[in-house]
Amino acid sequence: MKNAIGLILNIGCEDPSLKEFLQHRSLSTLPFGGRYRLIDFTLSNMVNSGLSRIGVIGSNKYNSLVDHLGTGKEWSLSRKTQDLSILAGANSGRLGHKMKVNLKDLQNNRDFLETASGEHVIISPPNHITSFDYRNAYEIHSQNNSDVTLIYKKDDSTYHLHDDDIYLDLYNKRVSSIYYKKEQQTNYFFTEMLIIKKSILLQFLDLCECTGDWDLMDMVAINLDTLRVFSAEHTGYLKRIKTLENYMKASMDLLEYDIMQELFLEKASIHTKIKDNHPSIYLDSSSVSHSIVGSGCNIDGTIFHSIIFRDIIMGSDSQIKNSIIMQKCKIGNHVTLDYVVMDKDTKISDYTTLIGKPHDPIIIKKGTVI
Amino acid sequence: MNTECVAMLLAGGQGSRLGDLTINNAKPAVLFGGKYRIIDFPLSNCMNSDIDVVGVLTQYRPYILNNYIGDGSAWALDQIQGGAHILPPYMGQKGGKWYSGTADAIYQNIDFIENFNPEFVLVLSGDHIYKMDYSKMLCFHKAKQADLSIAVMDVPWEDAHRFGIVNTDEEERIQAFQEKPAIPKSNKASMGIYVFSWEILKKALQEDAGNRESEHDFGNDVIPMLYKSNKRIYAYPYSGYWRDVGTIQSYFDANMDLLDPYCEFDLTDRNFRIFSNNISRHPQFIGPEAKISNSLICDGCIICGQVEHSILSHDIRIHRHTILKNVIVHTGAIIEDGAILENCILGGRAKIKSDVRFIADELESVPQIHVINS
Numbered sequence: 001m002k003n004a005i006g007l008i009l010n011i012g013c014e015d016p017s018l019k020e021f022l023q024h025r026s027l028s029t030l031p032f033g034g035r036y037r038l039i040d041f042t043l044s045n046m047v048n049s050g051l052s053r054i055g056v057i058g059s060n061k062y063n064s065l066v067d068h069l070g071t072g073k074e075w076s077l078s079r080k081t082q083d084l085s086i087l088a089g090a091n092s093g094r095l096g097h098k099m100k101v102n103l104k105d106l107q108n109n110r111d112f113l114e115t116a117s118g119e120h121v122i123i124s125p126p127n128h129i130t131s132f133d134y135r136n137a138y139e140i141h142s143q144n145n146s147d148v149t150l151i152y153k154k155d156d157s158t159y160h161l162h163d164d165d166i167y168l169d170l171y172n173k174r175v176s177s178i179y180y181k182k183e184q185q186t187n188y189f190f191t192e193m194l195i196i197k198k199s200i201l202l203q204f205l206d207l208c209e210c211t212g213d214w215d216l217m218d219m220v221a222i223n224l225d226t227l228r229v230f231s232a233e234h235t236g237y238l239k240r241i242k243t244l245e246n247y248m249k250a251s252m253d254l255l256e257y258d259i260m261q262e263l264f265l266e267k268a269s270i271h272t273k274i275k276d277n278h279p280s281i282y283l284d285s286s287s288v289s290h291s292i293v294g295s296g297c298n299i300d301g302t303i304f305h306s307i308i309f310r311d312i313i314m315g316s317d318s319q320i321k322n323s324i325i326m327q328k329c330k331i332g333n334h335v336t337l338d339y340v341v342m343d344k345d346t347k348i349s350d351y352t353t354l355i356g357k358p359h360d361p362i363i364i365k366k367g368t369v370i
Numbered sequence: 001m002n003t004e005c006v007a008m009l010l011a012g013g014q015g016s017r018l019g020d021l022t023i024n025n026a027k028p029a030v031l032f033g034g035k036y037r038i039i040d041f042p043l044s045n046c047m048n049s050d051i052d053v054v055g056v057l058t059q060y061r062p063y064i065l066n067n068y069i070g071d072g073s074a075w076a077l078d079q080i081q082g083g084a085h086i087l088p089p090y091m092g093q094k095g096g097k098w099y100s101g102t103a104d105a106i107y108q109n110i111d112f113i114e115n116f117n118p119e120f121v122l123v124l125s126g127d128h129i130y131k132m133d134y135s136k137m138l139c140f141h142k143a144k145q146a147d148l149s150i151a152v153m154d155v156p157w158e159d160a161h162r163f164g165i166v167n168t169d170e171e172e173r174i175q176a177f178q179e180k181p182a183i184p185k186s187n188k189a190s191m192g193i194y195v196f197s198w199e200i201l202k203k204a205l206q207e208d209a210g211n212r213e214s215e216h217d218f219g220n221d222v223i224p225m226l227y228k229s230n231k232r233i234y235a236y237p238y239s240g241y242w243r244d245v246g247t248i249q250s251y252f253d254a255n256m257d258l259l260d261p262y263c264e265f266d267l268t269d270r271n272f273r274i275f276s277n278n279i280s281r282h283p284q285f286i287g288p289e290a291k292i293s294n295s296l297i298c299d300g301c302i303i304c305g306q307v308e309h310s311i312l313s314h315d316i317r318i319h320r321h322t323i324l325k326n327v328i329v330h331t332g333a334i335i336e337d338g339a340i341l342e343n344c345i346l347g348g349r350a351k352i353k354s355d356v357r358f359i360a361d362e363l364e365s366v367p368q369i370h371v372i373n374s
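Going line by line, the protein sequences match chains A and B.
In terms of UniProt numbering, the first sequence opens at residue 1 and continues consecutively.
In terms of UniProt numbering, the second sequence opens at residue 1 and continues consecutively.
In structure tokens, the structure reads:
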């Protein structure tokens, strides 16, 4: 993996259901799973796979990204031999949001690509919840001397597919066609993770400089006959967060032991920004079951089937069910919450009852006091 | 380089009274309160007191301790000048020797201290649980124009015979010392925290090093010597939570204090935070059948049983149908289905097999179940 560079894209989110959460942050820094941000999964996977040079393209909401990643120390990326670069994305407007890999973003960071040593670039979006080792895919890429290797997943009908998903036809591991609409016979969909030879990528960037906005995937599709495009399968758990529904589902998936085990215990760990919190305190009358709890909490009351982030203070005689409570929230006494998603730094006063619906949870915006 | 005050943290002790907890591990590196190690308390105090040069004197089983301190960045001690320095015994041209006492450990590192050209040296020990702003003690020391200031606190009269007791005049100047007296004259106990004026300390250490009858200990040799030579020794009065965790019982009790909501020692106070060299672990997974109350729990735990009035470090697996009550569990322990534990301390990576029942009425009768060496 010494010969590869990691590149994490910034992708926009058009879906209105996540709008409240993305006013102050990019999709990549959406809090997830009790202590993480979405980008932690992709970034940790890259680090755990042995990548030592990783670039992260930011959006116009830089603050949360820069604040979260810092120097990259928590991901061991602040060493003389390993580094993290936070890169500026292109301002691509609405059109750019629909692209898988906007070449304009890469064009903007041509210097980074040219100067970072490594002949291959591993590209991934920041919104994947998965524990994935890129080394297998990289091996397939090297063995076949391929120009591009697309990482795909078999559609097993339980999968939540999106309208803009791309599908592949495969012939002996080689990608024979790329579809933008699902057709009957295709059951491989593209995970939006890929490996590409740097020289090919730079050629595409040259082309794009002359001809305007391009999606890398269009370039690959058009040149499929002349390029060596191979495929590598992603077999484990993967959720892509694009809508509130995805977010709720993936969050609650963590309460399933097998999924939690695959994400956090089986392979190398997922890293995130470390806080100097005290261990979580469960007070005398607390009763917590089937939940994920972060550190630094002070819990009195009943919690069931919920995701509790770090630094939560919860009063007595309160009940939280089926909810996601992000960091630094304060919940008063005698509060009842069911199907509620609280963004960080929100406060709920005593004797408040909020009950949402399974497919329509109540969302409380960052900084709100109720 | 000039630094006003250098802290020297005595962390070489074995802590033999902690028994199996210190088989592989120096006492200052023993886990406390779930995620912390005992040394976090003095190091965090230094950080909260703006003391940024800390020499950590290590000797007994230093690996975990050295590894834990690292570059000191966990306590913001990773600055370019100063920072945390681990100081083990070393060889010189005339050979080398182990640190033979607390004073000898500092004596052997006179060169280190001289590097920083300090006015004052703060001597700390790595075996107490407390929060203290040392800068206030330093102000006291300067205001009294003292040669040596000793932090003291009032202890219950019935316990006074277990401590080094000092008598003071109205000016807080120390008039008499009694080491573990049968009949104490006061209840002001020394906390083992000293501020010395460096010139005075240096001379005293050099003199003590030449004294063949000395055991090179601060409490027994150096301080009595300074007292006899009529140096200005003052008692800095401290009030607040302070516990020596030198025995299994006191270690257990101090841990359990953290579960008492009325205890004055507050880990959650953001204005005086205890920092530690955090490890990154997944959040706690609390299973559908779990029941937790009155406990402290760290990241990386998977809990499917009943936990009551207990302290759990990182990465602990508690299987179903288990009951834990008044238990301290160290990192990585596994408690299998149906086990019942009460009043005990589980060492790191201990494994309790299915359906084992372990209920000790009094901690002393069976202090620990098991310590598996990591």
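We put the beta carbon where it would ideally sit given N, CA and C, even for glycine.
_Straight-line Cα distance separating A/Gly50 from residue 406 of chain A_ = Nothing about residue 406 of chain A can be reported from this structure: the residues present for chain A run from 1 to 370 only.
*A/Leu69 beta carbon less than 8 Å from that of A/Val56*: Taking the C-beta atoms as reference points, A/Leu69 is found nearer than 8 Å to A/Val56.
_Close beta carbons around B/Ser293, own chain, < 8 Å, minus the five adjacent residues each side_ = Val307, Glu308, His309
*Using a Cβ cut-off of 8 Å (strictly closer), state whether B/Leu298 contacts chain A.*
Strictly speaking, residue 298 of chain B in this sequence is Cys, with Leu absent from that position. Interface residue, yes.
_Alpha-carbon spacing of B/Ser374 relative to B/Met47, whole angstroms_ = With a pLDDT of only 40 at B/Ser374, under 50, the local geometry of the prediction cannot be trusted, and no value is derived from it.
_Residue closest to A/Leu106, alpha-carbon to alpha-carbon, out of A/Glu119, A/Asn127, A/Ala90_ = A/Ala90
*Counting pairs of Cβ atoms below 8 Å between the segment 95 to 110 of chain B and the segment 170 to 183 of chain B, do you hit three or more?*
no
*Go to A/Glu192, then tell me how far its beta strand (DSSP E) extends in each direction, as first and last residue.*
Looking at the DSSP string, the run of the beta strand (DSSP E) that includes A/Glu192 is 188 to 197.
*Top-ranked residue by Cα proximity to B/Met153, from B/Asn109, B/Asp244, B/Gly72*: B/Asp244
*With A/Val121 and A/Val229 assumed to form a contact (beta carbons below 8 Å), what rounded beta-carbon distance in angstroms separates them?*
That belief does not hold up - the Cβ atoms of A/Val121 and A/Val229 are roughly 15 Å apart, past 8 Å.
*Would you say A/Leu43 reaches chain B, if we count a Cβ-Cβ gap shorter than 8 Å as a contact?*
no
*asked:* According to DSSP, is B/Ile372 part of a helix, a strand, or is it coil?
replied: Interpretation of B/Ile372 is limited by its pLDDT of 46, a score under 50 that renders its predicted location unreliable; the figure taken from the coordinates is listed afterwards. The answer is coil: DSSP assigns B/Ile372 none of H, G, I, E or B.
_Against A/Glu74, what residues of chain B qualify as contacts under a CB-to-CB distance less than 8 Å, listed in chain order?_
Ser280
*Closest Cβ-Cβ distance between A/Gly294 and chain B: below 8 Å?*
yes
_Whole-angstrom distance between B/Tyr107 and B/Asn326, CA atom to CA atom_ = Taking the straight line from one Cα to the other gives about 43 Å.
*Using a Cβ-Cβ cut-off of 6 Å (strictly less than) and excluding sequence neighbours within five positions of B/Phe285, which residues of its own chain qualify?*
Ile302
*With DSSP collapsed to three states, give me the class of A/Val47.*
When DSSP states are grouped into helix, strand and coil, A/Val47 belongs to the helix group.
*Should A/His162 go down as buried or exposed, given a rule of 16 or more other Cβ atoms within 10 Å for buried?*
exposed
*asked:* Distance cutoff 8 Å, beta carbons only. Does B/Ile110 sit that close to anything in chain A?
replied: no
*Considering only C-alpha positions, which residue in the set B/Asp315, B/Lys231, B/Gly55 is nearest to B/Ile110?*
B/Gly55
*Checking contacts by CB at 8 Å: is B/Gln284 closer than that to chain A?*
yes
*Establish whether the CB of A/Ser323 and some CB of chain B are separated by less than 8 Å.*
no
*Going straight from the alpha carbon of A/Asp165 to that of A/Leu103, what length do you get?*
In a straight line, the C-alpha of A/Asp165 is about 18 Å away from that of A/Leu103.
_Cβ neighbour criterion (16 or more within 10 Å) applied to B/Trp242_ = buried
*Proximity to A/Lys154 [Cα-Cα], best of A/Leu9, A/Ser251, A/Ala232*: A/Ala232
*Among A/His128, A/Asn322, A/Lys19, which one has its Cα closest to the Cα of residue 373 of chain A?*
The requested residue 373 of chain A is not part of the displayed model; chain A covers only 1 to 370.
*asked:* Could you check whether the Cβ of B/Phe120 sits closer than 8 Å to any Cβ belonging to chain A?
replied: no
*asked:* Suppose the cutoff is 7 Å on Cβ atoms and the five residues either side in sequence are ignored; what does the same chain contact list for B/Arg61 look like?
replied: Asn24, Asn25, Ala26
*Report the residue from A/Arg79, A/Ile195, A/Thr71 whose alpha carbon sits nearest the alpha carbon of A/Glu119.*
Measuring from the Cα of A/Glu119, the nearest candidate turns out to be A/Ile195.
_Taking the alpha-carbon of B/Cys139 as reference, which of B/Ile335, B/Ala204, B/Pro237, B/Leu31 has the nearest alpha-carbon?_
B/Pro237
*Could you name the residues of the same chain whose beta carbon sits closer than 8 Å to that of A/Asn172, not counting the 5 residues immediately before and after it, in chain order?*
none
*Return the residue from the list B/Tyr134, B/Ala333, B/Phe196 that minimises the CA-CA distance to B/Gly348.*
B/Ala333
*Listed in chain order, which residues of the segment 319 to 350 of chain A have Cβ atoms closer than 7 Å to some Cβ of chain B?*
none
*Going by C-alpha distance, which of A/Leu205, A/Leu337, A/Arg35 is nearest A/His305?*
Checking every option, the nearest Cα to that of A/His305 belongs to A/Leu337.
_Residue of B/Ala209, B/Gly15, B/Asn66, B/Asn115 minimising C-alpha distance to B/Cys5_ = B/Asn115
*Could you confirm whether any beta carbon from chain B is found closer than 8 Å to the beta carbon of A/Leu238?*
no
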